[in-house]
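These notes are about the structure you will find just below.
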Amino acid sequence: MINRKVPLGQYKGTYQQPNIFGYYGDFGGAYIPEMLHRNVEELKSRYLSIMYEASFQQEFQQLLRDYVGRPTPLYFAQRLSEQFKTKIYLKREDLCHTGAHKINNTIGQILLAQRLGKKRIIAETGAGQHGVATATVCALKGIQCIVYMGEKDIERQAPNVARMKMLGATVIPATSGSKTLKDATNEAIRDWINNPEDTHYIIGSVVGPHPYPDMVARFQSVISEEIRKQLKEETGNELPGYVLACVGGGSNAAGAFYHFLEEFSVQLVAVEAAGHGVNSGFSAATTQLGKPGVLHGSKSLVMQTADGQVVEPHSISAGLDYPGIGPLHAHLFETGRASFLSATDEEALEAAFNLAKLEGIIPALESAHALSALKQMQFKPSDVVVLCLSGRGDKDLATYMKAMEERGTL
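With the numbering used here, you'll find the sequence shown wraps up at 411, consecutive numbering, no jumps.
The following block contains the structure:
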């Protein structure tokens with residue numbers, strides 16, 4: 002079922018970690034303005050030593066346990082398993098504090114920012130989950146928070162905007178381009194350029210200049226670390242047959258894949274947003290439509306025109322509405338270590354309604370894309386499939402209600 006460009010075991014690199022220049026194979030690096038050189042170099046030279054200090058790890062693990070609510074359950078979805086005639090487990094990141102996996106990373110980065118002496122935090126957000134998670138940790142630590150969000154996303158994710166403001170964050174709309182995640186990221190980078198001394202930029206995904214893709218993947222790797230332990234307890238074997246996750250920038254997928262990257266018996270499946278269809282002109286399926294290029298500080302696969310202009314993406318899911326993917330995922334695609342599928346807006350909606358009716362769980366639209374991929378795959382009854390349910394669907398209720406009205410079910 003999985004078509005690999007490199008047969009299992011023949012790629013000799015280390016998937017988990019980039020090289021000293023921040024490259025995963027051909028992808029990564031730090032393509033930054035001179036004004037940001039000091040900030041990025043400071044991060045690059047200090048992030049690993051800070052992250053693995055005993056005091057940092059003690060505070061990080063304590064907050065993950067007592068504040069975030071980890072470990073999140075690994076739930077055997079019996080009725081979903083019966084439907085697809087296999088064994089499906091859902092990694093319930095939707096049960097984290099704030100409702101998504103994003104909090105794992107923001108907890109880590111706020112502790113890092115404190116140790117770097119930063120007094121001001123900026124962030125970008127699409128679906129609003131990363132913005133809420135950033136506002137949450139800034140409130141926890143009493144640090145100023147500014148969140149950039151596309152004007153279009155502000156309209157379709159109004160509950161999360163209200164949550165950010167209630168938590169004390171300033172939400173600034175991005176009004177250029179498609180007025181979505183790409184444009185919010187552009188504005189956040191401009192802010193960082195203008196405030197390099199006192200500001201830390203909490204990037205929400207495995208994108209951006211090195212060391213962000215590696216740093217975010219390490220903070221999110223708690224997901225796969227827990228999956229291995231929980232599967233061992235549940236089945237006696239810590240290695241599943243498949244791990245599925247949705248991919249925009251790709252932080253939940255990086256976290257879900259991380260501790261399986263060198264386990265070549267585990268098939269990694271990433272699911273992108275096809276929007277109205279991969280070739281419709283309204284899509285965000287980067288691996289199908291993109292080519293190598295530089296976006297937001299790193300070299301990766303980017304949806305772009307022949308002369309290098311970024312193509313506007315489209316997805317019903319604000320968190321997947323991005324014209325690129327993280328360099329780790331570009332490398333996984335290029336080497337064939339992971340299989341990349343896609344799901345349309347309509348397919349994601351159908352998968353969300355299906356999970357709600359079968360398991361009593363309303364997923365985020367992002368996670369619904371991963372759920373949709375189950376229909377595209379062939380499983381044996383003995384297979385163990387783990388799907389990262391990266392967020393809950395509260396934020397998408399308006400979209401779901403509109404779809405239900407169109408179907409005559411509301």
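The C-beta atom is built at its ideal place from N, Cα and C for all residues, glycine as well.
Identify whether residue i lies in helix, strand or coil by the three-state DSSP scheme.
i      : result
Ala285 : strand
Cys97  : coil
Val133 : helix
Arg393 : strand
Gly10  : Reliability fails at Gly10, whose pLDDT of 42 lies under 50, so the model's placement of it is uncertain and the value that follows must be treated cautiously. Here Gly10 sits in coil by DSSP.
Arg71  : coil
Ile122 : strand
Ile51  : helix
Thr345 : strand
Ser46  : helix
Met304 : coil
Gly291 : coil
Pro160 : helix
Phe57  : helix
Ile326 : coil
Leu269 : strand
Ala399 : helix
Asn89  : The amino acid occupying residue 89 in the given sequence is Ile; Asn does not appear at that position. Here Ile89 sits in strand by DSSP.
Gln18  : coil
Assign residue i to one of two classes, buried (16 or more other C-beta atoms within 10 Å of its C-beta) or exposed (fewer than that).
i      : result
Asp308 : exposed
Asn195 : exposed
Gly100 : buried
Asp397 : buried
Met2   : Its pLDDT being 32, under 50, Met2 is placed unreliably in this model, and the coordinates cannot settle the point.
Asp192 : buried
Gln11  : Caution is warranted here: a pLDDT of 43 is assigned to Gln11, below 50, making its placement in the model unreliable, and the coordinate value is therefore given only provisionally. So Gln11 ends up on the exposed side.
Ile204 : buried
His131 : buried
Asn280 : exposed
His38  : exposed
Asn355 : buried
Pro8   : Its pLDDT being 40, under 50, Pro8 is placed unreliably in this model, and the value from its coordinates should be taken loosely. Pro8 is exposed by the Cβ-count criterion.
Ser299 : buried
Measuring CA to CA, which of the options is closest to residue i?
i      : options                          : result
Leu290 : Tyr68, Gly298, Glu273 and Ser299 : Glu273
Ile155 : Pro174, Asp192 and Gln110        : Pro174
Ser391 : Gly256, Leu342, Leu65 and His315 : Gly256
Met378 : Asp67, Phe77 and Lys86           : Lys86
Ile122 : Leu112, Ala134 and Cys139        : Cys139
Pro328 : Glu239, Phe28 and Tyr90          : Phe28
Ser420 : Ser82, Glu94, Lys381 and His102  : Missing from the structure shown is residue 420; the chain here goes from 2 to 411 and no further.
Arg116 : Lys230, Tyr213, Met52 and Asp322 : Met52
Ile147 : Ala159, His260 and Val172        : Val172
Gly251 : Leu91, Ala285 and Ala353         : Ala285
Requested in this report: For the region 296-310 and the region 355-373, state whether three or more C-beta atom pairs, one from each stretch, are separated by less than 8 Å.
Outcome: These segments do not touch.
Query raised in the report: Counting only runs that start and end within the region 220-262, where is the alpha helix (DSSP H) found for 4 or more residues in a row?
Result: As far as the region 220-262 is concerned, its whole alpha helix (DSSP H) runs of at least 4 residues are 223-236 and 252-258.
Query raised in the report: Which ranges does the alpha helix (DSSP H) cover as unbroken runs of at least 4 residues, wholly within the region 177-225, from first to last along the chain?
Result: Listed in chain order, the alpha helix (DSSP H) elements of length 4 or more contained wholly in the region 177-225 are 182-195 and 213-221.
Report task. Check whether the region 219-237 touches the region 333-352, counting contact only when three or more Cβ pairs, one atom from each stretch, lie closer than 8 Å. Result -> Because the criterion of three Cβ pairs below 8 Å is not met, the region 219-237 and the region 333-352 do not touch.
Query raised in the report: Should the region 210-221 be regarded as contacting the region 100-116, the criterion being three or more beta carbon pairs within less than 8 Å?
Result: Yes, they touch.
Query raised in the report: Any chance the region 45-52 sits against the region 337-351, with 3 or more Cβ pairs inside 8 Å?
Result: Flag = no, the region 45-52 and the region 337-351 do not touch.
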